[in-house]
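A.B. asks: Just add 2 to the spot in the sequence shown (first one is 1) and you have the numbering used here.
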Amino acid sequence: MSAADWIVLKFGGTSVSTRARWSTIGELAQARLNDGHCVLIVVSAVSGVTDQLKGLIEAEAEHRAALAEQLIARHRAFAVELGLQASVVEPVEQALHALLKSPHAAVRAYPWQAEIFALGELWSSRLGAAFLTAEGVTAGWLDARTQLSAQALPNQGAWARHLSTSCQVQPSPAIAQQLREAGSLQITQGFIARNLSGETVLLGRGGSDTSAACFGALLGAQRVEIWTDVPGMFSANPRRVPEARLLRHLDYDEAQEIATTGAKVLHPRCLGPVRDGAVPLWIKDTQRPELEGTCIDAGGGNGPLSVKAISHRMGVTLVSMESIGMWQQVGFLADVFGYFRQHGLSVDLIGSAETNVTVSLDPSENLLSADNLEALCADLARVCRVKVIGPCAAITLVGRGMRRMLHRLSEVLAEFGEQRVHLVSQSSNNLNLTFVVDEDIAEALLPRLHEHLIRARVMAVDDARLFGPSWESLSQAPVATAARWWERDQARLLEIAASQGPAYVYDLASVRAQAQRLLAISPVDRWFYAIKANDHPALLQALAALGFGLECVSTAELAWVQQHCPELPGSRILFTPNFAPRLEYRQALASGVMVTVDGLHPLQHWGAEFEGAQIALRVDLGPGRGHHDKVRTGGQASKFGLAPADLERARLLAADAGAKIVGLHAHLGSGILDPQHWAEVYAQLAALGERFVDLRWLDIGGGLGVPGSGERELDLAQVAAGLARVKQLYPHWDLHMEPGRYLVADAGVLLARVTQVKDKHGVRFVGIEAGMNALLRPALYDAVHPIVNLSRLGQPATDTVTVVGPICESGDVLGRERRMPAAAEGDVILIAQAGAYGAVMGNRYNRRPLIAEVVL
Ligand code: PLP
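(1) What residue from Val-48, Leu-283, Arg-849 and Ser-308 has the CA that sits closest to Arg-130's CA?
(2) When the distance is taken between beta carbons, is Val-203 closer than 8 Å to His-164?
(3) Just checking my contact of Val-388 with Met-323 at CB under 8 Å: how many whole Å lie between their CB atoms?
(4) Taking only heavy atoms of ligand 1 into account, decide whether any of them is closer than 7 Å to the Cβ of Leu-545.
(5) Under three-state DSSP, which class holds Trp-562?
(6) How many whole angstroms separate the CB atoms of Val-756 and Asp-829, which I take to be in contact at a CB cut-off of 8 Å?
(7) Whole-angstrom Cβ separation of Asp-860 and Cys-272, contact assumed at under 8 Å?
(8) Indicate whether Thr-296 and Ile-312 have their beta-carbon atoms separated by less than 8 Å.
(9) Look up His-734 in the DSSP assignment and give the residues it is bridged to.
(10) Does the beta-carbon of Ala-257 have 16 or more other beta-carbons within 10 angstroms, so that it is buried, or is it exposed?
(11) From what residue to what residue does the alpha helix (DSSP H) around Tyr-847 run?
(12) Going straight from the alpha carbon of Leu-42 to that of Gly-15, what length do you get?
(13) Less than 8 Å between the beta carbons of Gly-636 and Leu-670, yes or no?
(14) If you reduce the DSSP assignment to three classes, tell me which class Phe-469 lands in.
(15) Give a single yes or no on whether Tyr-744 has its beta carbon closer than 7 Å to a heavy atom of ligand 1.
(16) Measuring CB to CB, does Leu-782 end up less than 8 Å from Lys-641?
(17) Should Pro-113 be counted as a contact of ligand 1 given a C-beta to heavy atom distance under 7 Å?
(18) Taking all protein chains shown into account, do 16 or more other C-beta atoms lie within 10 angstroms of the C-beta of Glu-420, making it buried, or fewer, making it exposed?
(19) Can you tell which of Gly-707, Trp-699 and Trp-143 has its C-alpha closest to the C-alpha of Tyr-732?
(20) For Pro-579, which of helix, strand or coil comes out of DSSP?
(21) Would you kindly report the start and end of the unbroken alpha helix (DSSP H) that includes Phe-217?
(22) With a threshold of 8 Å, are at least 3 pairs of Cβ atoms found where one atom belongs to the stretch 714-722 and the other to the stretch 794-811?
(23) Determine which residues share a DSSP beta bridge with Asp-2 and list them.
(24) Since Leu-649 contacts Ile-702 with CB under 8 Å, what's their CB separation in whole angstroms?
(25) Ligand 1 heavy atoms versus the CB of Glu-682: any closer than 7 Å?
(26) If I'm right that Leu-121 touches Cys-216 with Cβ under 8 Å, what's the distance once you round it to whole angstroms?
(27) Out of curiosity, what's the CA-to-CA distance linking Leu-602 and Gly-673?
(28) Compute the minimum distance between the beta carbon of Ala-652 and the heavy atoms of ligand 1, and state whether it is under 7 Å.
(29) Does Asn-374 come out as helix, strand or coil in the three-state DSSP assignment?
(30) Since Ile-833 contacts Leu-816 with CB under 8 Å, what's their CB separation in whole angstroms?
(31) From the DSSP output, in three-state form, read off Glu-356 for me.
(32) To the nearest angstrom, how far is the alpha carbon of Arg-78 from that of Leu-687?
(33) With 16 other CB atoms within 10 Å as the buried threshold, where does Leu-792 fall?
(34) CB-CB under 8 Å to Gln-492, same chain, minus the five flanking residues each way: which ones, in chain order?
(35) Compare the beta carbon distance of Glu-445 and Glu-819 with 8 Å and say whether it is the shorter of the two.
(36) Is Trp-24 near Leu-86, with beta carbons less than 8 Å apart?
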């Protein structure tokens, strides 16, 4: 077998975080082995672990042991989920313990930091090798540091030399042969290498892509496959431009340009090694391996002349330097750039005129702070007049032969003609054309520019060799039709909007259907509905009638439940408060519901309240999960739960108070679509349970996500399978779950009529009767709700609009960049997925009345 038979597969954090994903990795590797290839798998750390390690490095020395225990517990629990002995990860645990004791820990020396960061990849690769081998796909474990060596660059400081360095690799048939002899399937770590002194060094954030590319070049591999959570590179950021098209084939330089100018899917540093080694690189979607992906190789530029992509970078700062006497002044630019070097700032774009030079500073390449900008300006002021312009955005058109396409860009240029353009730059390699504009208009421009490029045929989307399907068509969420019950009820809803004004409307049948889906998950012994999501009495009664208990977080919620569901026994009501006053615990205990304690304070200071009580402890298993920082309820910054290190203390305090601990509880966040999340929480919680002799149940929280546009439905069969595996190990404890959003989000819509339409600075605003007073989620969590014009369902979408409410806040925006038919005053706008955390968060800001609620 020749060295060319190697294939390198790289998997990022989310792709190595669950058993199901590791099974997929095993299948992909096996398929390539069956075809006669050798396979090298390069892995990142399990999702969130690098951030946890960063937290440990930054923590004060006395807190590090507890953080280390969390990491150890997390990987041991993952080992259990993978069906492995915890001893598999012992070498990493020993290394961590030794590093904590190292004399370098006190000063956080860079080589010590690199060793700590490296543990994440060492953990995941050890787990992966053991799992695949146990599954019958024998995998060897390779320490990446034995193969990849980094060399410092001349201008690199100590930080970059240890934590953000790069490798130079030459193809080595000898190493390819040596590795093949060690086994045809090997797993190694991304992100880490060694330096010439043999110390561990890091390849910078996103460094696992670079590791895979370096290994590809070293082994002269047939190809490198980067497995990620999107189906490839696109002609624009699909989150902003859903019509963006898959890029099927690119050359190395174009891909480099797209990655450098904004696309996040690939790390720009990884293209150098594969280009130098002439190794094709593929980007593939781990969740949908059957999709074709993007291929990057030397032949990618051979197609027709075309703009391939429009990318953008936010947070760009411009520095404009004006000097009257600059013309023909020898050394002026040398002086100016000397100051940039002195302040460690790398210049990106440059525009020059007789009396002015303007440059841009890209935040991804610079450590930009108000202080160092100020210091730079003070120095520059010695040789010129300085002006700082920002925040700006750089919008870049990428395509080989850009100068030959200029004459076809008239509509694009006309679009920019209406905006303030601070700088235009055409790259000397003829691959890009960049416009720097004010940051706040950039994202609104992208869909329009993309459309112009297609209309003017500058983007050759009809050429199937280059362009694939749109993001929109690739990501149609399968639940979309079931969740669109309101299409069937259009006439009734229009009537409600006409007679009631703005209103929330709930479809009880949808709530019941979701509830039945959950009740089919057999490992769960008891379901609770988190009433904070939507406490409408009709919904509570419907769910209680199906056997759901109810979860409350205040005594007012308890009283509401007791008023509307008086038959519900205390054993089916769970009280999970956070920082509630003492009186609320007293009242809840007196009413006979189950009470959860999530800090030491209540047990320490109010022990008498808990005498004879049966309680649960809420644990923070950190890090939090979910669709937005503000809904993550675990980890260092979160106010919820007890740190695992405090559990023993809580146990002793409860015993002193005469209380029995019968439950352990964890809820780490909302909007989670990873089906393995709950099995992980279950395994971690169960691992903590043995010391509680009275323990009867484990509650693994809610947080079950509802897919938004482009997201896949939560796979409940996988949720159930993961839970069943853990339950086999802990059959003696009941399993509880407490979702809110999953049950009610799609069941509710918000209806509001159009008040006014306004065109300003190229943006069309559609105003409606209800704003952030009615639905706070877009302002609070950047939540994206589907929005349609219910009066014009089925009409073609001709406008791109920003939907706003009547509240005097610039955050009063319900949706940006929405495509819909032209709206007129009085049309009824429907905001979907508004059944959860909608009406309950409604408020009377600006003295606007609360919104009516109607149940169908
Ligand atoms: N349980 C607890 C303790 C919560 O705090 C929450 C939400 O905040 C939930 C359950 C319900 O979460 P979700 O609506 O995402 O299912």
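Glycine included, every Cβ here is placed at the ideal spot set by N, Cα and C.
C.D. replies: Taking the coordinates as given:
(1) The residue asked about is misnamed: residue 130 is Gly in this sequence, not Arg. Across the set Val-48, Leu-283, Arg-849 and Ser-308, the C-alpha of Val-48 shows the shortest separation from the C-alpha of Gly-130.
(2) In contact: His-164 and Val-203 (Cβ atoms closer than 8 Å).
(3) About 6 Å separates the beta carbons of Val-388 and Met-323, which is inside the 8 Å limit, making them a contact pair.
(4) Leu-545 has its Cβ no nearer than 7 Å to any heavy atom of ligand 1.
(5) Residue state, collapsed to three classes: helix.
(6) Contact between Val-756 and Asp-829 is confirmed by a C-beta separation of about 5 Å, below the 8 Å threshold.
(7) Only positions 3 to 858 of the chain appear in the structure, and residue 860 is not among them; the question remains open.
(8) It is not a contact, given that the beta carbons lie outside the stated cut-off.
(9) Beta-bridge annotation (DSSP): His-734 is not paired with any residue.
(10) A residue is called buried once 16 or more other Cβ atoms fall within 10 Å of its Cβ, and Ala-257 is buried on that count.
(11) No alpha helix (DSSP H) contains Tyr-847, which DSSP labels as neither H nor E.
(12) When only Cα atoms are considered, Leu-42 and Gly-15 end up about 17 Å apart.
(13) Yes; because the gap between Cβ atoms is below 8 Å, this pair is in contact.
(14) The answer is strand: DSSP assigns Phe-469 an E or B state.
(15) Checking every heavy atom of ligand 1 against the Cβ of Tyr-744, one is found closer than 7 Å.
(16) The answer is no: Cβ separation not under 8 Å.
(17) Checking the Cβ of Pro-113 against ligand 1 gives no.
(18) Its Cβ having fewer than 16 others within 10 Å, Glu-420 is exposed.
(19) For the set Gly-707, Trp-699 and Trp-143, the Cα lying nearest the Cα of Tyr-732 is the one of Trp-699.
(20) Coil.
(21) Per DSSP, Phe-217 belongs to the alpha helix (DSSP H) from 209-221.
(22) No, the stretch 714-722 does not touch the stretch 794-811.
(23) Because the chain here runs from 3 to 858, residue 2 falls outside it and cannot be looked at.
(24) Wrong, their Cβ atoms sit about 16 Å apart, outside the cutoff.
(25) Annotation for Glu-682 indicates a beta carbon at 7 Å or more from all heavy atoms of ligand 1.
(26) Between the beta-carbon of Leu-121 and that of Cys-216 there is about 21 Å, and that puts the pair past the 8 Å contact cut.
(27) Taking the straight line from one Cα to the other gives about 28 Å.
(28) For ligand 1, not one heavy atom lies less than 7 Å from the Cβ of Ala-652.
(29) Reduced to three states, the DSSP call for Asn-374 is helix.
(30) At roughly 6 Å, the Cβ-Cβ gap stays under 8 Å, so Ile-833 and Leu-816 are in contact.
(31) Residue state, collapsed to three classes: coil.
(32) If you draw a straight line from the Cα of Arg-78 to the Cα of Leu-687, it is about 12 Å long.
(33) Leu-792 sits buried, since 16 or more C-beta atoms from the chains shown fall within 10 Å of its C-beta.
(34) The residues are Leu-792 and Leu-795.
(35) Yes.
(36) It is not a contact, given that the beta carbons lie outside the stated cut-off.
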